[in-house]
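All remarks here apply to the structure that follows.
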Amino acid sequence: MSKQQNLKILFLGDIVGAPGRRVVIKFLELYKNYFDLIIANAENCAHGFGLTKKNLDELKEAGVEIFSGGNHTFDRKEIFDFIETEPHLLRPANYPINTPGKGFTIVNVKGKQIGIINILGRVFMEPLDSPFQVIDSILDQIKDQCDFILVDIHAEATAEKLAMAHYLDGRVSAIVGSHTHVQTADERILLNGTGYISDMGCCGPYNGVIGMAIKGVLLRMVRQLPSKFEIADGPAQMCGVEITLDPYEHKCLAVKRIKFNEATIETDINYFDQLYQNESN
Ligand SMILES: [Fe+2]
Ligand SMILES: [Fe+2]
Numbered sequence: 011m012s013k014q015q016n017l018k019i020l021f022l023g024d025i026v027g028a029p030g031r032r033v034v035i036k037f038l039e040l041y042k043n044y045f046d047l048i049i050a051n052a053e054n055c056a057h058g059f060g061l062t063k064k065n066l067d068e069l070k071e072a073g074v075e076i077f078s079g080g081n082h083t084f085d086r087k088e089i090f091d092f093i094e095t096e097p098h099l100l101r102p103a104n105y106p107i108n109t110p111g112k113g114f115t116i117v118n119v120k121g122k123q124i125g126i127i128n129i130l131g132r133v134f135m136e137p138l139d140s141p142f143q144v145i146d147s148i149l150d151q152i153k154d155q156c157d158f159i160l161v162d163i164h165a166e167a168t169a170e171k172l173a174m175a176h177y178l179d180g181r182v183s184a185i186v187g188s189h190t191h192v193q194t195a196d197e198r199i200l201l202n203g204t205g206y207i208s209d210m211g212c213c214g215p216y217n218g219v220i221g222m223a224i225k226g227v228l229l230r231m232v233r234q235l236p237s238k239f240e241i242a243d244g245p246a247q248m249c250g251v252e253i254t255l256d257p258y259e260h261k262c263l264a265v266k267r268i269k270f271n272e273a274t275i276e277t278d279i280n281y282f283d284q285l286y287q288n289e290s291n
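Per the working numbering, the sequence shown starts with residue 11, numbered consecutively.
This is the structure:
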């Protein structure tokens, strides 16, 4: 089987504010055709908190097809105007029953059915339903309809993400982490074939504290005083992973980290050009 027949999924970490949207749009203008499906965590698109319809439309126009969420999904009230009608906008599946929106979706990509599930961890986070029990119930519903299943676990604790990864190993194609905004270097294929990374990192400014301006964060951390978080100034970076799926064996072949730096755009573009030219040769 030639390499071109594999499915290439781009999964982007949390998009933070205007700088995050800007770097994602810039990257996709150049590279969206390299991917068969583009998914992004969109919980921080609106100035770091939530998602507006304008943000959603802008990213859809750029090529993002599936949007996952997290603990900030409901930060903007206007999301209630469109979360029920957007077919591929997700919020974590383990919110209470009857919470607007949905925690999973299924899309057809080149004749293959790909399920995407979004789940929220509970360690150092909201006391939602058990992510383990909720994901079991979703898998019971969709596993027979899907050729591949991808999971975004939005969680603070690496241990909880790894525990979920081993819980799902062999039952889903890949599980990728979001929420910490810092990309980890632990991508791998687990023993039973599931692809994994603890955190994809964020798409947003990197001269701040996980996307936020340093001054406001230090006021809270050092002096323990209330402060308003603002998006950090300066260039952004785009972080995510490329997941390679074998459509014949129904296997995850690779999870590869991607980091695209807006400040060194020319170098990065050359790097990506070479990377993908080499793969297609
Ligand atoms: Fe986030
Ligand atoms: Fe989050």
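Even glycine gets a Cβ: it sits at the ideal position worked out from N, Cα and C.
Sorry if obvious, but does the Cβ on residue i come closer than 7 angstroms to a heavy atom of ligand 2?
| i | result |
| --- | --- |
| Asn-81 | yes |
| His-164 | yes |
| His-189 | yes |
CB residue i to CB residue j, shorter than 8 angstroms?
| i | j | result |
| --- | --- | --- |
| Leu-17 | Lys-122 | yes |
| Asn-217 | Asp-256 | no |
| Met-248 | Val-34 | yes |
| Phe-51 | Leu-22 | Sequence inspection shows Asn at residue 51; the Phe mentioned does not correspond to that position. A contact, by the Cβ cut-off of 8 angstroms. |
| Ile-145 | Ile-124 | no |
| Ile-107 | Ile-127 | no |
| Thr-83 | Ile-89 | yes |
| Ile-199 | Val-161 | no |
| Arg-181 | Leu-149 | yes |
| Arg-86 | Leu-61 | yes |
| Cys-262 | Thr-190 | no |
Can you list, in chain order, the residues of its chain whose CB lies under 8 angstroms from that of residue i, leaving out five sequence neighbours each side?
| i | result |
| --- | --- |
| Glu-75 | Leu-47, Ile-48, Ile-49, His-98 and Val-117 |
| Ser-12 | Because the pLDDT at Ser-12 is just 45, under 50, the model does not fix this residue reliably, and the value given afterwards should be weighed accordingly. Excluding positions up to five away in sequence, the list is empty. |
| Ala-223 | Phe-239, Glu-240, Ile-241, Ala-242 and Asp-243 |
| Ile-268 | Leu-20, Met-248, Cys-249, Gly-250, Val-251 and Glu-252 |
| Val-5 | Only positions 11 to 291 of the chain appear in this structure, which leaves residue 5 out of reach. |
| Ala-28 | His-57 and Ile-241 |
For residue i, which residues from the same chain have a beta carbon less than 7 angstroms from its beta carbon, with the 5 sequence-adjacent residues on both sides left out?
| i | result |
| --- | --- |
| Ala-273 | Pro-245 |
| Arg-233 | none |
| Phe-134 | Glu-166 and Ala-167 |
| Gly-226 | Ser-237, Lys-238, Phe-239 and Glu-240 |
| Asn-291 | Bear in mind that the predicted position of Asn-291 carries a pLDDT of just 48, short of 50, making it unreliable; the figure below should be weighed with that in mind. Here the set comprises nothing. |
Do residue i and ligand 1 come close, with the Cβ less than 7 angstroms from some heavy atom?
| i | result |
| --- | --- |
| Asp-24 | yes |
| Glu-53 | yes |
Is residue i helix, strand or coil by DSSP?
| i | result |
| --- | --- |
| His-176 | helix |
| Val-265 | strand |
| Met-222 | strand |
| Asp-146 | helix |
| Lys-112 | strand |
| Ile-107 | coil |
| Leu-373 | Outside the shown range of the chain (11 to 291) lies residue 373, about which nothing can therefore be said. |
| Asp-157 | coil |
| Arg-198 | strand |
| Ser-12 | Caution is warranted here: a pLDDT of 45 is assigned to Ser-12, below 50, making its placement in the model unreliable, and no coordinate value can be reported. |
| Val-227 | helix |
| Tyr-44 | helix |
| Glu-252 | strand |
| Lys-122 | strand |
| Ala-273 | helix |
| Asn-291 | Because the pLDDT at Asn-291 is just 48, under 50, the model does not fix this residue reliably, and the value given afterwards should be weighed accordingly. Three-state result, Asn-291: coil. |
| Val-232 | helix |
| Ala-50 | strand |
| Ala-246 | strand |
Given residue i, which residues of its chain have a CB within under 6 angstroms of its CB, disregarding the five upstream and five downstream residues?
| i | result |
| --- | --- |
| Val-26 | Asn-54, Gly-58, Cys-212, Gly-214 and Gly-221 |
| Gln-14 | Bear in mind that the predicted position of Gln-14 carries a pLDDT of just 47, short of 50, making it unreliable; the figure below should be weighed with that in mind. Excluding positions up to five away in sequence, the list is empty. |
| Asp-139 | Asn-104 |
| Ser-208 | Thr-168, Lys-171, Gly-187, Thr-194 and Asp-196 |
Between which two residues does the alpha helix (DSSP H) carrying residue i extend?
| i | result |
| --- | --- |
| Leu-66 | 63 to 72 |
| Tyr-41 | 27 to 41 |
| Ile-89 | 89 to 92 |
The beta strand (DSSP E) spanning residue i covers which residue range?
| i | result |
| --- | --- |
| Asp-139 | From DSSP, Asp-139 is part of no beta strand (DSSP E); its letter is neither H nor E. |
| Ile-185 | 184 to 188 |
| Tyr-206 | 205 to 207 |
| Ser-237 | No beta strand (DSSP E) contains Ser-237, which DSSP labels as neither H nor E. |
| Phe-59 | First-last for Phe-59: undefined, no H or E at that position. |
| Ser-84 | In the sequence under discussion, the amino acid at residue 84 is Phe, which differs from the Ser named in the question. No beta strand (DSSP E) holds Phe-84; DSSP gives it neither H nor E. |
Establish whether the CB of residue i and some CB of chain B are separated by less than 8 angstroms.
| i | result |
| --- | --- |
| Ile-129 | This model lacks chain B altogether, as it is built from one protein chain only. |
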